[in-house]
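J.: Here it is, the structure, as structure tokens.
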Amino acid sequence: MAFTLQSIHDSYSNEEISDNLQSLYKSRFLSKINHSIFSIPVTDILYFSFEDHNTVIITKSYRTFVIDYSLENLVSFLNPKHFFRINRKVILHIESIKKMNLLSKSRIEIVLNNNEKQIVSRSKTSAFKTWLEY
437 MAFTLQSIHD SYSNEEISDN LQSLYKSRFL SKINHSIFSI PVTDILYFSF EDHNTVIITK
497 SYRTFVIDYS LENLVSFLNP KHFFRINRKV ILHIESIKKM NLLSKSRIEI VLNNNEKQIV
557 SRSKTSAFKT WLEY
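For what it's worth, the numbering used here labels the leading residue of the sequence shown as 437, then goes sequentially.
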């Protein structure tokens with residue numbers, strides 16, 4: 437029996453499909469600091485960054501947590517509707533964007549909620565603009 441997207445859509449409600457897709461993505465990450473383990477909900481994350489040979493989470497309260505994932509691996513665990521890898525060092529949450537400045541046709545500077553500035557790489561600019569529209 438062959439399945440098509442239409443047959444799946446006919447068998448399940450949009451809400452059921454959405455819930456199942458959401459379950460593919462992580463809802464939280466764990467970070468160990470000394471003898472404590474912190475659980476960081478994805479909804480509290482502003483962005484992920486690669487700094488000093490570590491992948492870190494920056495939260496909405498501007499706390500920093502080290503995690504054991506590469507940015508490359510993280511992309512597959514994050515909902516692409518909410519997160520975008522803007523360059524080789526940063527994956528940001530759409531709600532972390534305070535404003536954007538056009539530096540040129542192919543360069544965008546993002547000002548984050550904490551007033552930190554990040555540059556979208558030239559190779560990601562077109563995809564980033566498309567992502568913002570969804």
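No residue lacks a Cβ here, since even glycine has one placed at the ideal position from N, Cα and C.
Assign E531 to one of three DSSP states: helix, strand, or coil.
T.: Helix.
J.: So for N509, helix, strand or coil by DSSP?
T.: Residue state, collapsed to three classes: helix.
J.: Taking the beta strand (DSSP E) that M560 falls in, what are its first and last residues?
T.: In the sequence under discussion, the amino acid at residue 560 is Lys, which differs from the Met named in the question. Element bounds for K560: n/a, residue is neither H nor E.
J.: Going by DSSP, name the residue or residues bridged to P516.
T.: In DSSP, P516 forms no bridge with anything.
J.: Hey, quick one: how far does the beta strand (DSSP E) through Y570 stretch, first residue to last?
T.: That residue, Y570, is in no beta strand (DSSP E); it is neither H nor E in DSSP.
J.: Assuming L466 contacts S475 under a Cβ cut-off of 8 Å, what Cβ separation, rounded to an integer in Å, is found between them?
T.: L466 to S475, Cβ: 6 Å. Contact.
J.: Could you tell me the alpha carbon to alpha carbon distance between Y505 and T491, rounded to whole angstroms?
T.: Between Y505 and T491, the C-alpha separation is close to 7 Å.
J.: If you count every other CB in all the chains shown that lies within 10 Å of the CB of Y498, and 16 or more means buried, which is it?
T.: It is exposed - the Cβ of Y498 has fewer than 16 other Cβ atoms within 10 Å.
J.: Just tell me which of I530, N470, E531 has its CA closest to the CA of F501.
T.: Nearest option by C-alpha distance: N470.
J.: Among K560, I533, R543, S542, which residue has its Cα nearest to the Cα of N551?
T.: Ranking the options by Cα distance to N551, first place goes to I533.
J.: Using the Cβ count rule (16 or more neighbours within 10 Å means buried), how would you classify N523?
T.: Result: buried.
J.: Buried or exposed for H489, please, with buried defined as at least 16 other CB atoms from any protein chain shown within 10 angstroms of its CB.
T.: Flag for H489 reads exposed.
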